[in-house]
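Heads up: the structure comes next, in structure tokens.
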Amino acid sequence: MACPSSLSFGNKSPHHRRLRRRRQWAIGGNGAHETRRWQGMALGRTGIRMMALALVAAVLTGHAGPGLAEEGAKTLRIGVEGAYPPFNYKTADGTLAGFDIDIARTLCARLKVTCAFVTETWDNLIPALRSGRFDAVISSLSITDGRKKLVAFTRPYYRLPAAFIARKGSGITATTAAALQGRKVGAVAGSIHAHYLKNVHPEARLVTFENLDDGFKALKAGDIDLLLADRIVLHELLRGVAGACCALVGDDVSDPAWFGEGAGIAVRLEDGPLRKRLNAALKAIIADGTRERIRRKYFPFPIY
């Protein structure tokens, strides 16, 4: 999906400047040779072609234009998966909706900027954020020690445990190590749930999916035995007719060592000013009850 260029709430980052310099000097594959060309040699046709290629590369990689999220910016680019109801999903007409989306739009209104949503696959949200495709991720991203090494988080805006579901009549009632032995257990690729299963339950046979919908379809079809995801999301899946096949099993999973402090908004490590402004806006919508009003729209129980 194409995304508009945006300004940054902080100064241009060292990372952004390094990327720009790398594009300038590495077009021809020989950095030293290109440096000498730009230091004073006549451009000629080859040089002009190289400059054109540099401009095209900058546009295609999303780094053209001013720095990311500067003070006074009019647009904030927000990365979302768009396939995780009721938190973020697409309606029948393709419009993004959900708890995350409403929180994001409310925060943008407080910051007096326009939200520009950019959909991205779940396992590429953090890499795409770090590369500059968008300025923040508001997509139910759990705050963990591992992710803190890659991105900076705001305060949590909700907390939820994870849970398992299985097909009714499967005979599966527990989720202990013994009960999971040899079972095919599904999770979204790159998610905390997948990492938890791989490391804490190696006795299970992990099967990953691009999104939760695909995992649920596989569970209903009998391709996997259980599915692990956020409890509230599974609650939504089981509410309708399509969810009559399956039920929650075992105990909730909420080990903070794996499931973190809750879901937060991620920004690049160098974007401290943006993180500070988002935290202030979050504090405001929590204090005045706006977050609670949004919560009631989607969930019949507390999520923090």
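Just so we're aligned: the sequence shown equals residues 30 to 333 in this note's numbering.
Each residue gets a CB set at the ideal place from its N, CA and C atoms; glycine is no exception.
Per DSSP, the bridge partner or partners of residue i
i: Gly293; result: Leu170
i: Ala112; result: Tyr118
i: Thr104; result: Thr143
i: Lys213; result: Arg234
Proximity of residue i and residue j at Cβ, strictly below 9 angstroms
i: Arg196; j: Gly251; result: yes
i: Arg188; j: Ala292; result: yes
i: Tyr186; j: Leu311; result: yes
i: Ile155; j: Arg176; result: yes
i: Val296; j: Asp164; result: yes
i: Leu136; j: Ile294; result: yes
i: Val147; j: Ala102; result: no
i: Gly123; j: Tyr327; result: no
i: Asp131; j: Ile315; result: no
i: Gly279; j: Ala203; result: yes
i: Ala233; j: Leu209; result: yes
i: Ser220; j: Asp174; result: no
i: Asp281; j: Arg260; result: yes
Integer Cβ distance of residue i from residue j, believed to fall under 8 angstroms
i: Asp129; j: Ile172; result: Actually they are not in contact, since the Cβ atoms of Asp129 and Ile172 sit about 14 angstroms apart, beyond 8 angstroms.
i: Gly111; j: Leu125; result: 6 angstroms
i: Phe193; j: Leu248; result: Actually they are not in contact, since the Cβ atoms of Phe193 and Leu248 sit about 10 angstroms apart, beyond 8 angstroms.
i: Leu257; j: Ala313; result: Contact flag wrong, Cβ pair sits at about 34 angstroms.
i: Leu170; j: Cys144; result: About 17 angstroms separates the two Cβ atoms, so there is no contact after all.
i: Thr150; j: Arg304; result: That belief does not hold up - the Cβ atoms of Thr150 and Arg304 are roughly 24 angstroms apart, past 8 angstroms.
i: Pro114; j: Glu265; result: 6 angstroms
i: Ala207; j: His230; result: With a Cβ gap of about 11 angstroms, Ala207 and His230 do not count as contacting.
ask   = If we count Cβ pairs, one from each stretch, closer than 8 angstroms, do we get three or more for the stretch 209-225 versus the stretch 270-289?
value = yes
ask   = Are there three or more Cβ pairs, one per stretch, closer than 8 angstroms when the stretch 231-246 is compared with the stretch 212-221?
value = yes
query = Which ranges does the beta strand (DSSP E) cover as unbroken runs of at least 3 residues, wholly within the stretch 117-201, from first to last along the chain?
reply = 117-119, 143-148, 165-171, 180-182, 191-196
inquiry  = My parser needs the beta strand (DSSP E) runs of 3 or more residues fully inside the stretch 217-293; what are they?
reply    = 234-238, 255-259, 275-282
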